[in-house]
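Residue numbers (my numbering), protein chains in the order written: chain L, 619 to 991; chain E, 19 to 282; chain R, 1323 to 1647.
Glycine included, each C-beta is placed from N, C-alpha and C at the ideal position.
Everything below concerns the one structure shown next.
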């Protein structure tokens, strides 16, 4: 008798849970879950994000959270819009650096020490959350709660162009978004058009020198990556195109020797060692003396304007890769690009695009490490 | 009436080249106590395991209750025959009650749990064996003698007509030995068919109605103890000069005479 | 048979029900007041769409690992065995790694692949064990399980190596640490039927599982084929484990600790230990997941919370009670 009661209770419980689950799953709780107004007269903006979804966001947009893995490049791009300062929140602490503190004096208020969980994000009541395309599981949960999510990619020129326009809409400055998109694509086209045909291209090795647990590893970017693209546009032959795999490819010294690069660009994403220190090491290293790039001294440390992990490196998918491109072009083909004034372009970038004063821009430029200009 | 009929049973282990049971022929009478006597390695345990279908396949014939063992399912067999093994590991701290309750398995369907009746049967068995006071003790904490009695209790809980005990008195002190032999005799008296194996011919004289002496995988003597067990036979089987001493018409003792012992 | 323990069972059940209700209604970073669902719409959404599926998943996770632990311990005649013994966790990890690397962005396919590989690990263990010509049946299974576990573990290592350190590796590492951070109704619904069925099956035959603790010969004399029974319960236990591992990643210690505690509190016999483990597993995992999702602003991987607290609990319970042989 007691047994059957237990069985019945369990059954009823299961049935209840299943029906709740089913109901909740099926029902679409639209933006009405959020505060009150569902009046059709409300202004909305519509964007098509990096995953091809159409997202309608209600105006006004007072709070934007950028969080999750891989979010810091998004933040560097977001700050190219002056309105961003007013609405951003929930930012990663990896953004804390001289450059970004200058861009946004109130940066400290917006930084959070960890990646926020779903409930934390909803506590902050954002109007829209911007996530990298790999953060679907977080995004799906936020949308279940009626919070708008826009995905961006920012992994290559095409996505930069598209995502800049999307961000322009979100930060209430479509014209600027358009302008920035053109800025990137026009520079790329301009440099690419001046680059020589393949026969005259030097072999360029883009090297990420990493030290993990005392072990030195030489890594080269995958063939579809921004860094490989940059080298190609700048008129070099990117050796890393020949490496298999989609991630960072670890290569042996033998492979590098076989490649015999004419030019080497170095990044470390760290201060210990910094790219400049690595450059000195390689120039003095006996094993490397016969590499063409070492013999001709054409080894260059990629500039870094923040010196905080990978944030300021001019290669990584942060906003300044375009400056890295100009810099690379001049290093690879100094004669072709002799009229290109790197310092001037860089200054213009900080003042016009990030809105820094000339004095501040000078300060930033003064602390750029690497082989700048 | 024979409960078990074995004819020319041959069995060898899968990894060996020789038969362990070399043509065993034996009839186990119903409702009586049969002792299986023999030295270490003569095949007593193997015979039991073949009977219980733990080992197989075998050559020859075995009939239990008139049916060919080959056609009897272990499920059915477990309701007819219960087994007390020589040794058992007790790794989990089950209580005596829970442990003996496992003996009710042959009477329970796959998805069933023991009922009140099953518990009653177990309590009765425990009372019969004088184990009621340790019903809630944990098996690993029991003494050797108590563990053996619990093992027997579990077999009795199976409520089978036949009971097989493999060297039930091994490792027991004389007090426990006597208790176990007493149980064996009582089971025989109550109508069960009991088969037990032993090294000690005295036990056969004490409780067995029937004896079969096994040596080298064969039965070398069978019948009531007074006729089946002789000094010459024992000397042949065990290799030492053993005396069968008839004390009176109720008691026979087997041992080695001190003179014979000195002259070894 | 429940008899003397009825009080404890009831207490456990009440604590479980109360904890789960409180966890859904009140515990979380977002301060929810369930009586104010009309004044703050977010509350309803958080409770129904974020917390409820997650707490339910945590409960099933705890139940599955605990009952699988009890079952494996009986099947392997060893109270110190955990559900991972036949490599099911490493297999599931390998499946998840494959999905993260080659089918990115699809959490449901990841669940499927990870469950499939978890079961493949079981199949591999059984196949290899029949090829080993050393030791008894159980020892062979354990050895095979070790080999399968190591192989899949190496496979995961290779995946880690191949993974993009910026995009894929963090996701893989997080999965390996175990967690329920992205769980929504669809994850729950994909896992719950299978896991619940497996748990229910093991619950129903809880008394019969006791048999496996006896010597194989004795089991035969009691009318059951030990090999078939063992294979059956192990398979069901692995199904339960694979199903929940595919959602939650690798969560250790529960399968070992909960059965142990339940044996101490309820006696060793499975018809009490299994229901107790089911309830205690659900309770503990709910508490651990509450800590994982609400103790800090960011998510703490559940596997870490479980390992830490599970290990502490285990030692606590080992050091209590009368020392006995």
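Cβ closer than 8 Å: which chain R residues qualify as neighbours of residue i?
i	result
residue 98/E	Neighbours of residue 98/E on chain R: none; closest Cβ ~10 Å, over 8 Å.
residue 85/E	Those do not exist, as residue 85/E stays about 16 Å from chain R at its closest Cβ, beyond 8 Å.
residue 177/E	In chain order: nothing, as chain R lies at least about 12 Å away.
residue 167/E	Those within 8 Å of residue 167/E in chain R number zero; the least Cβ separation is about 16 Å.
residue 123/E	1530, 1533, 1544, 1545, 1546
Using a Cβ cut-off of 7 Å, pull out every chain E residue sitting near residue i, in sequence order please.
i	result
residue 1530/R	128
Between which two residues does the alpha helix (DSSP H) harbouring residue i extend?
i	result
residue 1412/R	1410-1424
residue 845/L	844-851
residue 147/E	It is not in any alpha helix (DSSP H) - residue 147/E carries neither H nor E in the DSSP assignment.
residue 687/L	Per DSSP, residue 687/L belongs to no alpha helix (DSSP H) and is neither H nor E.
residue 26/E	Premise fails: residue 26/E lies in the beta strand (DSSP E), 20-29, not in any alpha helix (DSSP H).
residue 65/E	62-69
residue 45/E	Here residue 45/E belongs to no alpha helix (DSSP H); instead the beta strand (DSSP E) covers 39-47.
residue 73/E	Residue 73/E -> no alpha helix (DSSP H), and no H or E assigned at all.
residue 1586/R	1576-1588
residue 837/L	First-last for residue 837/L: 833-838, but that is the beta strand (DSSP E), not the alpha helix (DSSP H).
If distances are taken between C-alpha atoms only, which option among the options comes closest to residue i?
i	options	result
residue 178/E	149/E, 155/E, 208/E	208/E
residue 1393/R	1621/R, 1641/R, 1596/R	1596/R
residue 136/E	146/E, 121/E, 215/E	121/E
residue 170/E	181/E, 160/E, 161/E	181/E
residue 150/E	114/E, 159/E, 45/E	114/E
residue 50/E	211/E, 124/E, 147/E, 82/E	211/E
residue 696/L	861/L, 672/L, 799/L	799/L
residue 1367/R	1379/R, 1354/R, 1520/R, 1378/R	1354/R
residue 698/L	710/L, 912/L, 720/L	720/L
residue 1576/R	1395/R, 1372/R, 1374/R	1395/R
residue 666/L	943/L, 785/L, 828/L	785/L
Counting only Cβ pairs nearer than 9 Å, list the residues of chain L close to residue i.
i	result
residue 1506/R	643, 755, 758, 759, 762
Residue i versus chain L: which residues are under 7 Å apart at the beta carbon?
i	result
residue 1594/R	Those do not exist, as residue 1594/R stays about 14 Å from chain L at its closest Cβ, beyond 7 Å.
residue 1351/R	735, 737, 738, 741
I'd like the span of the beta strand (DSSP E) that includes residue i, first residue to last.
i	result
residue 101/E	99-102
residue 79/E	77-82
residue 778/L	Unbroken run through residue 778/L is the alpha helix (DSSP H), 775-788; no beta strand (DSSP E).
residue 821/L	821-830
residue 663/L	662-666
residue 1369/R	Residue 1369/R -> no beta strand (DSSP E), and no H or E assigned at all.
residue 1403/R	Careful: residue 1403/R lies outside any beta strand (DSSP E) and carries neither H nor E.
residue 52/E	51-55
residue 676/L	672-676
residue 182/E	180-183
Output, in chain order, the set of chain L residues within a Cβ distance shorter than 8 Å of residue i.
i	result
residue 1493/R	687, 752
Can you pull the chain R neighbours of residue i, defined as C-beta to C-beta under 7 Å?
i	result
residue 730/L	1619
residue 110/E	1401, 1535, 1590
residue 635/L	1378
Which residues in chain R have a C-beta closer than 9 Å to the C-beta of residue i? List them in chain order.
i	result
residue 17/E	Shown here, chain E extends from 19 to 282; a query on residue 17/E therefore has no answer.
residue 71/E	1542, 1543
Contact criterion: CB-CB distance below 8 Å. Does residue i meet it with respect to chain C?
i	result
residue 843/L	Structure shown: chain C not included; protein chains present are L, E and R.
- Against chain L: residues of the segment 1361-1383 of chain R by CB proximity under 8 Å: 1363, 1364, 1366, 1367, 1368, 1370, 1371, 1372, 1374, 1375, 1378
- Taking a Cβ distance cut-off of 9 Å, strictly less, list which residues of the segment 682-707 of chain L are near chain R, in chain order. 687, 688
- Task: Name, going along the chain, the residues of the segment 1611-1635 of chain R whose beta-carbon falls closer than 8 Å to a beta-carbon of chain L.
- Result: 1615, 1616, 1618, 1619, 1620, 1621
- Query: For the segment 787-819 of chain L, which residues have a beta carbon sitting closer than 7 Å to at least one beta carbon of chain R?
  - Reply: Those would be none; no residue qualifies.
- Task: Using a Cβ-Cβ cut-off of less than 8 Å, list which residues of the segment 131-149 of chain E approach chain R; keep chain order.
- Result: If the cut-off is 8 Å between Cβ atoms, the segment 131-149 of chain E has 131, 132, 137 near chain R.
- Where are the beta strand (DSSP E) runs, 3 residues long or more, that stay fully inside the segment 213-275 of chain E, in chain order? Under the rule that a run must span 3 or more residues, the beta strand (DSSP E) segments found entirely inside the segment 213-275 of chain E read 228-233, 236-241, 261-266, 269-273.
- Message: What ranges does the beta strand (DSSP E) occupy inside the segment 861-935 of chain L, keeping only unbroken runs of at least 3 residues that lie completely in it?
- Response: 867-869, 881-885, 917-919
- Query: For the segment 1574-1607 of chain R, which residues have a CB atom closer than 8 Å to at least one CB atom of chain E, in sequence order?
  - Reply: 1585, 1589, 1590, 1591, 1593
- Message: At a CB distance below 9 Å, what residues from the segment 657-678 of chain L approach chain R? Give them in sequence order.
- Response: 669
- Item | Under 9 Å (Cβ pairs) to chain R, residues found in the segment 186-198 of chain E | Those residues of the segment 186-198 of chain E that come within reach of chain R (Cβ to Cβ, closer than 9 Å) do not exist; the list is empty.
- Task: Check each residue of the segment 1507-1526 of chain R: if its Cβ is closer than 9 Å to any Cβ of chain E, include it; give the result in chain order.
- Result: 1526
- Query: In the segment 1466-1551 of chain R, which residue ranges form an unbroken alpha helix (DSSP H) of at least 4 residues, counting only runs that do not cross its ends?
  - Reply: Taking 4 residues as the minimum length, the alpha helix (DSSP H) runs contained wholly in the segment 1466-1551 of chain R are 1491-1499, 1507-1526, 1528-1531, 1538-1543, in order along the chain.
- Item | Every unbroken beta strand (DSSP E) inside the segment 690-769 of chain L [3 residues or more] | 746-750
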